[in-house]
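Please read the structure below before turning to the comments.
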Amino acid sequence: METSEILKKVRKIEIKTRGLSSQIFAGQYHSAFKGRGMAFSEVREYQYGDDVRDIDWNVTARFHRPYVKVFEEERELTVMLLVDVSGSLDFGTRVQMKRDMVTEIAATLAFSAIQNNDKIGVVFFSDKIEKYIPPKKGRKHILYIIREMLDFKPESKRTDVRQAVEFLSSVQKRRTTAFILSDFYCRGDFLQSLQICNRKHDVVAIQVFDRRACELPDVGLMKVVDAETGFEQYIDTSSQKLRKAYKRFWESRQSDLKETFNKSNVDNISIATDQDYVKSLMGLFNQRS
């Protein structure tokens, strides 16, 4: 993609998503994600009703009477976007490609974050960590992130969510709000890694999918290609048995994915490429407020 074309696309995405962030999401984002971390503020003398677990034993020993630690909500968050850049995102039969929607959602979340003075960072992942952009503040940083999302060329086309969440756990020492943006066409199990990661961080999963993935159309012989492995085959979509089997496969896959999120206590939403992602994000934000 030419540099001038990339800059035009960056500007277009900025205008759209920055407007959404400032007009719609600022308040909901704040109430949904602020105040989940607690930072040490001061010590004071113990009062009746204080939690004994908050007693500062060093200060108590020094003054020979009990003192407790006082905590306050952290006013600043670190937000990490875990962005799937695998081959399966290059697909879309309605309105837009999955990759385009992921980019818009990521940009909207990023602008929402900086309006609350939060740092924002990104992990691009396939079946390995493709690129890590450390958290920083500011519009310039976000425009750099958007530009990278538009023009990034991954080394691998496959997906491994486990790699991404394990990398997040290792690289981010302080509690972080993390959004996983993916279609979750992941061949490996990532339940245990996600459970461990969500105990340390606040993880939210956003699945983007195309409705054509839900069921096959009846159009006769069709050539299908696995975007991640390159495997090609012809299937006869006029077979009702085949179409039903494919639909059951999709439903089973979605059920397994939901079970993984539920067992990990991870908030999640699924958004189709022809859906209004604004409404979906608003629903998620309100659910968490």
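If you use numbering that gives the first Met the number 0, the sequence shown corresponds to residues 0 to 288, in order.
Beta carbons are placed, not taken as given, at the ideal position from N, Cα and C, and that holds for glycine.
If you're wondering where the values come from, they're calculated on a predicted model, not measured in any experiment.
{"Item": "Where Gly34 falls: helix, strand or coil (DSSP)", "Value": "Confidence at Gly34 is low in this model, with a pLDDT of 49, below 50, so the placement of that residue should be treated as unreliable; the coordinate-derived value is given next. Correct three-state label for Gly34: coil."}
{"Item": "Cβ-based burial, Pro134 [other Cβ within 10 Å; buried from 16]", "Value": "buried"}
{"Item": "Start-to-end residues for the beta strand (DSSP E) that takes in Glu231", "Value": "231–235"}
{"Item": "First through last residue of the alpha helix (DSSP H) which encompasses Val122", "Value": "First-last for Val122: 118–124, but that is the beta strand (DSSP E), not the alpha helix (DSSP H)."}
{"Item": "C-beta atoms of Gln162 and Ile128 nearer than 8 Å", "Value": "yes"}
{"Item": "Cβ neighbour criterion (16 or more within 10 Å) applied to Cys213", "Value": "exposed"}
{"Item": "Element boundaries [alpha helix (DSSP H), containing Ile144]", "Value": "138–150"}
{"Item": "Given Ser169 as reference, the closest of Gln239, Tyr143, Ala112, Val122 once Cα atoms are compared", "Value": "Val122"}
{"Item": "Alpha-carbon spacing of Arg242 relative to Ser254, whole angstroms", "Value": "18 Å"}
{"Item": "Cβ distance (whole Å) where Ser125 is taken to contact Pro153 below 8 Å", "Value": "5 Å"}
{"Item": "Cα-Cα separation between Ile12 and Ala106, rounded to whole angstroms", "Value": "7 Å"}
{"Item": "Spatially closest choice to Lys136 from Lys156, Lys130, Phe110, by CA coordinates", "Value": "Phe110"}
{"Item": "Closest residue to Asn364 among Ala271, Phe32, Leu190, Val82 (Cα-Cα distance)", "Value": "With the chain covering only 0 through 288, there is no way to say anything about residue 364."}
{"Item": "Length of the line joining the Cα atoms of Thr102 and Val160", "Value": "18 Å"}
{"Item": "Bridge partner(s) assigned by DSSP for Ile14", "Value": "According to DSSP, which records beta bridges pairwise, Ile14 is partnered with nothing at all."}
{"Item": "Val9 in three-state terms, based on DSSP", "Value": "helix"}
{"Item": "Buried versus exposed, by CB contacts within 10 Å (16 or more), Thr175", "Value": "buried"}
{"Item": "Leu283 to Trp56 span [Cα, whole Å]", "Value": "41 Å"}
{"Item": "For Leu220, three-class secondary structure by DSSP", "Value": "strand"}
{"Item": "Exposed unless 16 or more other CB atoms sit within 10 angstroms - verdict on Val67", "Value": "buried"}
{"Item": "For Glu154, three-class secondary structure by DSSP", "Value": "coil"}
{"Item": "Segment contact, 8 Å Cβ cut-off, at least three pairs: the segment 191–208 with the segment 217–224", "Value": "no"}
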